[in-house]
Every structure is written in structure tokens, then in C-alpha cells.
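So the structure is just underneath, and the comments pick up after that.
Number of protein chains: 2
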Amino acid sequence: MKILAVDTATESCGVALSEGEHLIGEITNRRKQTHSRHVLGMIDALLRMCGMGAGDVEAYAVSAGPGSFTGLRIGISTVKGMVLASGKDMVGISVPDVLAAQVFPGSCPVCVLPVCVLTDARKGEVYTARYRYESGMLKKISGEQVLAPEEALSGIEGDCLFVGRGAELYRSRIEGKLGKHARFAPPECNIIRASVLARLAWQRLRKGERDNAAAFGPRYIRKSDAELGFGKK
Amino acid sequence: MKILAVDTATESCGVALSEGEHLIGEITNRRKQTHSRHVLGMIDALLRMCGMGAGDVEAYAVSAGPGSFTGLRIGISTVKGMVLASGKDMVGISVPDVLAAQVFPGSCPVCVLPVCVLTDARKGEVYTARYRYESGMLKKISGEQVLAPEEALSGIEGDCLFVGRGAELYRSRIEGKLGKHARFAPPECNIIRASVLARLAWQRLRKGERDNAAAFGPRYIRKSDAELGFGKK
Numbered sequence: 559m560k561i562l563a564v565d566t567a568t569e570s571c572g573v574a575l576s577e578g579e580h581l582i583g584e585i586t587n588r589r590k591q592t593h594s595r596h597v598l599g600m601i602d603a604l605l606r607m608c609g610m611g612a613g614d615v616e617a618y619a620v621s622a623g624p625g626s627f628t629g630l631r632i633g634i635s636t637v638k639g640m641v642l643a644s645g646k647d648m649v650g651i652s653v654p655d656v657l658a659a660q661v662f663p664g665s666c667p668v669c670v671l672p673v674c675v676l677t678d679a680r681k682g683e684v685y686t687a688r689y690r691y692e693s694g695m696l697k698k699i700s701g702e703q704v705l706a707p708e709e710a711l712s713g714i715e716g717d718c719l720f721v722g723r724g725a726e727l728y729r730s731r732i733e734g735k736l737g738k739h740a741r742f743a744p745p746e747c748n749i750i751r752a753s754v755l756a757r758l759a760w761q762r763l764r765k766g767e768r769d770n771a772a773a774f775g776p777r778y779i780r781k782s783d784a785e786l787g788f789g790k791k
Numbered sequence: 559m560k561i562l563a564v565d566t567a568t569e570s571c572g573v574a575l576s577e578g579e580h581l582i583g584e585i586t587n588r589r590k591q592t593h594s595r596h597v598l599g600m601i602d603a604l605l606r607m608c609g610m611g612a613g614d615v616e617a618y619a620v621s622a623g624p625g626s627f628t629g630l631r632i633g634i635s636t637v638k639g640m641v642l643a644s645g646k647d648m649v650g651i652s653v654p655d656v657l658a659a660q661v662f663p664g665s666c667p668v669c670v671l672p673v674c675v676l677t678d679a680r681k682g683e684v685y686t687a688r689y690r691y692e693s694g695m696l697k698k699i700s701g702e703q704v705l706a707p708e709e710a711l712s713g714i715e716g717d718c719l720f721v722g723r724g725a726e727l728y729r730s731r732i733e734g735k736l737g738k739h740a741r742f743a744p745p746e747c748n749i750i751r752a753s754v755l756a757r758l759a760w761q762r763l764r765k766g767e768r769d770n771a772a773a774f775g776p777r778y779i780r781k782s783d784a785e786l787g788f789g790k791k
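Chains as they are written, first to last, in the working numbering: chain A, 559 to 791; chain B, 559 to 791.
Pasting the structure below:
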């Protein structure tokens, strides 16, 4: 099954084409521009690079959030448009699930390091979720929350692996609280990879899971600026 | 320092642009075509996507091998051409070093799983090298060799993480010999990532290390078909 995965949840923009769990091609872009300016061009370039057209895509994957309000809408709108035009399936995948999977080195039986995902939520906050290895599989052990960086570290006492742009942004504060217990992923693991989004999507699709494209919307967690402002008036 | 990394060592083709250790953009292509047909177009597309030109590149990185004879020559020739034309620096990076770094999840203090890199050397053989974590750092504990898959497993007794296309190709034979001790990286880690090539290049460049572009050549390990054939005549 050929899967086209689109990520616009954070400052980076990524597209990938896979055949089941096997990657065919991927383009990742961290240029600081609104994603609406390049995501369609990247999809077109990816399909051409792989010698395919939109008609060859059999299912779509998209970052569901949490993440940038406008960014998520761009990616999800693009994918929903392609899904509604083609009648193909789509699945949305949680952003922290993708980042946690990027630092999971296969089925390591001895790795017991918990993983804390931190992405930049702006306004001095992070989106966060925690994971632990159980029987060689990543298991999510918290909900997804938006918190101040210090609150996101609450309860972490032993060694913990931090991943995501929030881990880079707040590294000194994390080290200030946890010292040598804080471990950090290599920089390229802090960027969402559409290839990993495609792999997690394949894990859902092969089980027959689908999301309803017409009803699908971004997972924001936090209210938008407009909603927050409206409440204050 | 802006680094352009080019990988054409195996069946995949990858280009990445980084600022020091931080990725700006990356394109990965597994389309089965000779790399000479697309590598220059991919470099051009990457630079345009990142809003840059060849003149912005401050150093070059390239996969040094071992790998495909023709593939390595295409990437190395392209990079040497750009280096000689621009007067910028270049470094070559070992292919197994890149693949091992792709499954290294940060500074995990408990991960003691050795890593065995296996890439497809054709003719029923693999290029291989082994790594171990020491004090949270990856350390190479073998030379690079070309061997039959079974020979490449010699001496491995406990758990071991296998990475590279050779691990996919010969998975059943590896499992046949090692059973549950054999662990496998996620599929997207088996493809060489130019982003990781760029990060390893940055680690050398920041220490002032450079390779001599005029003298630089691919690291083949095995003789070419022509040389092997010539010896038989």
C-alpha cells in the first residue's frame, strides 16, 4: 500500500511516500516560511522524484497535532482535499507519537530509558507526552498536555531521554532541574520525520483502522488566540 | 557552517543541507535508477527549497564507502567537482558509521546493545562493521569487512541490534542463527540519511579536520569486477 504522509505540525515541513513500512522517498524542509507556500510543491516534487502521480497514492497520513494552529490546518486541509477528491483512506497520527518513535532504536531489550517529548507550543509553553519501553515496545504513559517547561518535568526523577524542538529550546532549564539525568536526542531526531509518520500510519492501516476525512480535525489541546482573547472580553 | 551532504553509496540517494549540526533540509530517494540521473537535480532542488545557492555552501560531506562501485563514484565525483570549483572544504564519512549513528538514541546510559551494520555488497556478501556503546558514545569495535552474511555474524552471541539493508535482506538467516538475540532497526533506519552524514561531517569539521579533495577516493574494500576478472585471466 502506497502511503503519502504530510507533516506541517511544527516549524518544519515534511512529506514522504512509502510502500507499506518501506520508505520510497522523503523531503524535509525547515525553511522558516508558512507551510502553505511550499507543501503542495513538495508533494508534487516528491511524487515526480518517485516516478509517480497522485493517482498512485493508496492512503494518506497526516500529523494530527498538537502543534501550530495554522500549520496543522494547512497539512490537514491539504490531505483532506486529496482524500475527498480521490476517495482514498486517511489516518491522523499524534505528533508526540512520531517523535517518540524516532528515538526508538528497534527492539532493544535493555533500554529502559523513559522518553519525554517536548515540542514548542510558543507562549513559553511546550506540548508534552511521556513514553516508556515495555517488552521492547514504546508505550505512552501520559496524556498529551500543554504546560510550562518546568511543569512538563514534574515527577521525572531518574534518567530520561528528551526529544523534540522543546528539548532544544529549554535544554538549559531541563539540565538545571535534572542535571546529568537529562539525556538528549541527536538534533535530527527533534524534527518530525514524515517517513516515521508514514510507518506509524501503516501500523494503523494494516489493522484496518481509518479516520473519517470529512469529520477529521486538528488536535489542538490549547484554545486558539482568538478564543482565549474572546473569553477575556 | 552550512554543510551540503551527498550520499550515493547504496541503492538510495540522499542530499541534506545543515547549519552545523542542525538540519535545514533533506531529500531522500529510493527510486531504482542510477544515481547519476538524479543527484544533481536533487542538490539543485534542495538548495532552491532552502532558499540558497551553491555559493552559500561552506563545506561538503560525502559517503566514503564501502558501497556500490558506481554509486560511490557518482557522489564523490559530484562533490569533488563542487569542492574544486568553489575552493571549499570536504570530508568523507564511512557508510557504516552513518548507519550506526542512525540507531543511536542520544546518550542512553543503559543501552549496552552492540550494533552490527550490514549493507548489501551484492554477490551474496555484506559490508559490515560493529559498534558498542561506551559511556553513552558509539565506539567502533571492528574494521570494515566484506563477508558472507554468516561470516559477518561470527562471534556474536548475545543480543545485537542489526541495521542496514543487509539486515533486511538476510533477516531470516540472521534469525536462524541468533534467534531472539537478533534485534532489528525500524525500516527507515536502514536507509542512509544524508542528515546524519552531515552531522558526523560537522563533528569532524568543527575539530578542523578536512580531507584532500584532489586525493580523495572511494573506500571500496572489495576489488571491482574488472579487477577480479583480470586476475582470473
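Note that beta-carbon positions come from the ideal geometry of N, C-alpha and C, so glycine has one too.
Open item on the list: Can you look up residue 762 of chain A in the DSSP assignment and give me helix, strand or coil?
Closed with: helix
Task: Counterpart residues of residue 580 of chain A in DSSP-defined beta bridges - done: A:577
Open item on the list: Does the beta-carbon of residue 617 of chain A, which I'm using as the reference point, lie nearer than 6 Å to any heavy atom of the ligand FAD?
Closed with: The model depicted lacks the ligand FAD and carries no ligand whatsoever.
TODO: Give a yes or no on whether 7 Å exceeds the smallest Cβ distance from residue 582 of chain B to chain A.
DONE: yes
- [ ] Enumerate in chain order the residues of its own chain whose CB-to-CB distance from residue 600 of chain B is below 7 Å, with the five nearest sequence positions on each side excluded.
- [x] 571, 573, 585, 587
Task: 7 Å Cβ cutoff, residue 607 of chain B in contact with chain A - done: yes
TODO: Between the Cα of residue 716 of chain B and those of B:740, B:708, B:723, B:693, spot the shortest distance and give me the residue it belongs to.
DONE: B:740
Task: Nearest to residue 693 of chain A (by Cα), restricted to the options A:722, A:617, A:671 - done: A:671
TODO: Evaluate residue 730 of chain A with the Cβ neighbour count: other Cβ atoms within 10 Å of its Cβ, from every protein chain shown; 16 or more gives buried, anything less gives exposed.
DONE: exposed
Task: Coarse secondary structure for residue 785 of chain B, derived from DSSP in three states - done: helix
Task: DSSP state of residue 712 of chain B mapped onto helix, strand, coil - done: coil
Open item on the list: Quick check on the DSSP output: the alpha helix (DSSP H) that includes residue 622 of chain A runs from which residue to which?
Closed with: Per DSSP, residue 622 of chain A belongs to no alpha helix (DSSP H); it is in the beta strand (DSSP E), 617 to 623.
Open item on the list: When you compare the CB of residue 665 of chain B with every CB in chain A, is at least one pair closer than 7 Å?
Closed with: For residue 665 of chain B, the pLDDT reaches just 45, beneath the cut-off of 50, and the residue's location in the model is therefore unreliable, although a value from the coordinates is still provided. Interface residue, yes.
Open item on the list: Less than 7 Å between the C-beta atoms of residue 734 of chain B and residue 676 of chain B, yes or no?
Closed with: no
TODO: Excluding the 5 residues preceding and the 5 following residue 726 of chain B in the sequence, name in chain order all residues of the same chain whose CB lies nearer than 6 Å to its CB.
DONE: 748
TODO: Can you grab the Cα-Cα spacing for the pair residue 718 of chain A / residue 657 of chain A, in whole Å?
DONE: 15 Å
Open item on the list: Can you tell me whether residue 651 of chain A is buried or exposed? The criterion is at least 16 other CB atoms within 10 Å of its CB, across all chains shown.
Closed with: buried
Task: Within chain A, partners of residue 757 of chain B - CB distance below 8 Å - done: 744, 745, 746
TODO: Run down chain A in chain order and give the residues with a C-beta less than 8 Å from the C-beta of residue 730 of chain B.
DONE: What residue 730 of chain B touches in chain A: nothing, since even the nearest Cβ is about 16 Å away.
Task: Proximal residues to residue 563 of chain B (C-beta, below 8 Å), its chain only, five neighbours per side dropped - done: 572, 573, 574, 575, 576, 618, 619, 620, 752, 753, 755, 756, 759
TODO: Please name the residue or residues paired with residue 652 of chain B in a DSSP beta bridge.
DONE: B:623
- [ ] Tell me whether the beta-carbon of residue 687 of chain A lies closer than 7 Å to the beta-carbon of residue 721 of chain A.
- [x] no
TODO: Spell out whether any CB of chain B is found under 7 Å from the CB atom of residue 587 of chain A.
DONE: yes
Open item on the list: Checking 7 Å against the spacing of the C-beta atoms, do residue 605 of chain A and residue 613 of chain A come in under that value?
Closed with: no
Open item on the list: Assuming residue 710 of chain B and residue 684 of chain B are in contact, meaning their beta carbons sit under 8 Å apart, how far apart are those beta carbons, in whole angstroms?
Closed with: 5 Å
Open item on the list: Just to make sure I have the definition right: I need the residues of chain A whose C-beta is within less than 7 Å of the C-beta of residue 603 of chain B. Which are they?
Closed with: 603
Open item on the list: Suppose only complete runs of 4+ residues qualify. What are the alpha helix (DSSP H) ranges in the region 728 to 779 of chain A, listed by chain order?
Closed with: 729 to 736, 752 to 763
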